[in-house]
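Enquirer:
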Amino acid sequence: MKVLIINGPNLNMLGIREPDIYGKETYATLETICRDAAKEFGFDTAEIFQSNHEGAIVDKIQEAYGTFDGIVINPAAYTHTSVAILDALKAVALPAVEVHISAVEEREDFRQVSYPGMACFATITGEGLDGYRHALQVLSEHLLAER
Ligand code: DQA
């Protein structure tokens, strides 16, 4: 099983950006958590991608077609604006899990819509970086059940 983990804008600033909301752990720690969890839940390939650019994320999702079995995505601020990322996820039609570090549902009104989330079969919020481990578990169980 192959998983693509996508992180949107400003997630490379983890540990520096708003630590009261996103915690003090760095992006490098997040990558380690994802690699370890991917192994734990039976993925033999886990690619981790981060971009601050919407088009680069769309390109990456398109490239996943025929290459990866599933996607874990934190679109970050693009969650609340990007029909392009939603359409890319729908185009490749790969099973996808949306993850957010913070409890977005308890935050500002403008964070209450998720466009990419409309193409994801599960959403995990408010679990901090461990939410990625949970997302990988949910994706793995989904892919194994599909076999
Ligand atoms: C986020 C929540 C978004 O609203 C925000 O723009 C982010 C991070 C999260 O992981 O909690 O950049 O996706």
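The sequence shown begins at 21 in the working numbering and counts up by one.
We treat Cβ as the ideally placed atom computed from N, Cα and C, and that holds for glycine.
These numbers come from a predicted model, not from an experiment.
For ligand 1, is there any heavy atom lying closer than 7 Å to the beta carbon of I53?
Expert: It does not: the Cβ of I53 is nowhere closer than 7 Å to a heavy atom of ligand 1.
Enquirer: Got a sec, what are the start and stop residues for the alpha helix (DSSP H) E166 sits in?
Expert: D150 to E166
Enquirer: Report whether the distance from the Cβ of N30 to the nearest heavy atom of ligand 1 is below 7 Å.
Expert: yes
Enquirer: Using the C-alpha atoms, what's the distance from Y42 back to D35?
Expert: Note on identity: in this sequence residue 35 is Gly, with Asp being the wrong assignment. Distance between the alpha carbons of G35 and Y42: 7 Å.
Enquirer: Who are K22's beta bridge partners in DSSP?
Expert: T65
Enquirer: Three-state secondary structure (DSSP) at E5?
Expert: Any property of residue 5 remains undetermined from this structure, which presents the chain solely from 21 to 167.
Enquirer: Closest to V119 by C-alpha separation, out of N27, A58 and D64, would be which residue?
Expert: N27
Enquirer: Is DSSP giving T49 helix, strand or coil here?
Expert: Helix, per DSSP.
Enquirer: Have a look at the DSSP bridge pairing and note the partners of N72.
Expert: Partner(s): none; N72 has no beta bridge.
Enquirer: Pull up the distance between the alpha-carbon of L9 and that of F88, whole angstroms please.
Expert: Outside the displayed span of the chain (21 to 167) sits residue 9, for which this structure offers no information.
Enquirer: Any residue with its Cβ nearer than 6 Å to a heavy atom of ligand 1 should be included. What is that list in chain order?
Expert: N30, N94, A96, A97, T99, H120, I121, S122, V124 and R131
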